[in-house]
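To keep things clear, I will list the structure first and then write my remarks on it.
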Amino acid sequence: MSCHLFAFVFVLPRELSMNAPPTRFIRVMPDDLRRFVSNVLQKVEVPQPDADVIAELMVDTDLRGVFSHGTNTLPGYSRVFASRGFNPTPVQKFVKDTPIITMIDGDGGLGHLTTRLATMIAIEKAKKSELSMAVTRHHGHFGSAGKYVRLAVKEGLICFCVSGLLARMPEDPNTSAWAHYPLDNCPLSIGFPAKEGYPVIADICSS
Numbered sequence: 009m010s011c012h013l014f015a016f017v018f019v020l021p022r023e024l025s026m027n028a029p030p031t032r033f034i035r036v037m038p039d040d041l042r043r044f045v046s047n048v049l050q051k052v053e054v055p056q057p058d059a060d061v062i063a064e065l066m067v068d069t070d071l072r073g074v075f076s077h078g079t080n081t082l083p084g085y086s087r088v089f090a091s092r093g094f095n096p097t098p099v100q101k102f103v104k105d106t107p108i109i110t111m112i113d114g115d116g117g118l119g120h121l122t123t124r125l126a127t128m129i130a131i132e133k134a135k136k137s138e139l140s141m142a143v144t145r146h147h148g149h150f151g152s153a154g155k156y157v158r159l160a161v162k163e164g165l166i167c168f169c170v171s172g173l174l175a176r177m178p179e180d181p182n183t184s185a186w187a188h189y190p191l192d193n194c195p196l197s198i199g200f201p202a203k204e205g206y207p208v209i210a211d212i213c214s215s
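For the sequence shown, the working numbering gives the first residue as 9, with consecutive numbering after it.
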């Protein structure tokens with residue numbers, strides 16, 4: 009399996025870290041890449057429907073030029089799945105569900121699945137109530153935040169998405185960095201549709 013995980017690497021690490029357009033690459037069509045990603049995830053026992061959803065979200069991130077949080081994460085995710093650090097077959101549970109608020113437990117799976125589900129539910133609730141909030145917990149990395157915001161913006165909604173992390177506090181509280189560590193390097197995104205032209209979407213992190 010490991011020989012397949014790296015078959016699609018198409019940018020240099022230095023370029024990848026800056027999400028810059030690559031100068032050395034192998035061109036892969038999006039549909040081919042989606043199939044590849046899904047097949048790799050299925051090899052580590054992720055069911056095909058879930059693998060297809062994750063693949064769609066990861067390739068969408070690549071197509072936006074955010075290679076660091078797209079398919080570049082596949083080798084790492086696959087290793088964590090193989091070691092059972094992620095649950096390949098999570099059963100998502102609704103912890104709270106009101107006309108406006110939703111809380112979903114991800115059962116230790118990859119964050120893409122739980123966050124996408126929460127986003128789609130929040131979209132439907134916002135259409136009915138004009139406001140909604142979705143919270144997710146107990147799941148792994150969810151990639152970039154922007155792809156979830158784009159789902160809402162496509163429906164004509166304003167959306168804000170942020171993920172928390174385990175804070176890594178420095179030993180010396182007197183350091184200037186200490187005050188920033190509770191935030192760690194949280195991904196966040198905000199977006200809103202425009203009356204004319206493209207929507208405005210910021211897909212960033214707190215560092």
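No residue lacks a Cβ here, since even glycine has one placed at the ideal position from N, Cα and C.
Values in this document were obtained by computation on a predicted structure and should not be read as measured data.
For Lys104, the first and last residue of its enclosing beta strand (DSSP E): Lys101 to Asp105
When the distance is taken between beta carbons, is Pro201 closer than 9 angstroms to Gly164? yes
Return yes when the Cβ of Leu49 is within less than 9 angstroms of the Cβ of Asp58, no when it is not. yes
In the structure shown, what three-state DSSP assignment does Ser137 receive? helix
Under the three-state reduction of DSSP, which class applies to Ile212: helix, strand or coil? strand
Taking contact to mean at least 3 C-beta pairs separated by less than 8 angstroms, is the stretch 82-92 in contact with the stretch 124-141? Result no; under three Cβ-Cβ pairs closer than 8 angstroms.
Using the Cβ count rule (16 or more neighbours within 10 Å means buried), how would you classify Thr144? buried
Considering only the alpha carbon of each residue, which of Gly93, Thr123, Ala90 and Ile108 lies closest to Lys101? Thr123
Short of 8 angstroms in beta carbon distance, which residues of its chain neighbour Gly119, apart from the five on each side in sequence? Order them along the chain. Thr144, His147, Gly148, His149, Phe150, Gly151 and Ser171
Which of the three DSSP states is assigned to Ile62 in this structure? helix
Assuming Val45 and Thr79 are in contact, meaning their beta carbons sit under 8 angstroms apart, how far apart are those beta carbons, in whole angstroms? 6 angstroms
Can you give the Cα-Cα distance for Ser76 and Phe94, rounded to whole angstroms? Straight-line measurement puts the Cα of Phe94 at about 20 angstroms from the Cα of Ser76.
Does the beta-carbon of Ile131 have 16 or more other beta-carbons within 10 angstroms, so that it is buried, or is it exposed? The residue is buried, with at least 16 neighbouring Cβ atoms inside 10 Å.
How many whole angstroms separate the CB atoms of Thr81 and Pro55, which I take to be in contact at a CB cut-off of 8 angstroms? With a Cβ gap of about 19 angstroms, Thr81 and Pro55 do not count as contacting.
Selected residue, minimal CA-CA separation from Gly113, among Ser91, Leu121 and Pro107: Reading the sequence as shown, one finds Asp at residue 113 and not Gly. With distances taken between Cα atoms, Asp113 lies closest to Leu121.
Relative to the alpha-carbon of Asp3, which residue among Phe168, Arg43, Gly205 and Glu53 has its alpha-carbon at the smallest distance? Shown here, the chain extends from 9 to 215; a query on residue 3 therefore has no answer.
Taking CB distances under 9 angstroms as the criterion, tell me whether Leu65 reaches chain B. The chain labelled as chain B is not found in the depicted structure, where only one protein chain is given.
Exposure label - Arg219; buried when at least 16 CB within 10 Å: Examination of residue 219 is not possible in this model, given that the chain is present from 9 through 215 alone.
DSSP puts Ser33 in a beta bridge; with which residues? The question names Ser, yet the displayed sequence has Phe at residue 33. According to DSSP, Phe33 bridges with nothing at all.
Is the beta carbon of Lys162 closer than 9 angstroms to that of Asp68? Between Asp68 and Lys162, the gap from beta carbon to beta carbon reaches 9 angstroms or more.
Among Arg92, Ala63 and Pro30, the one whose alpha carbon lies nearest that of Arg42: Ala63
According to DSSP, is Gly199 part of a helix, a strand, or is it coil? strand
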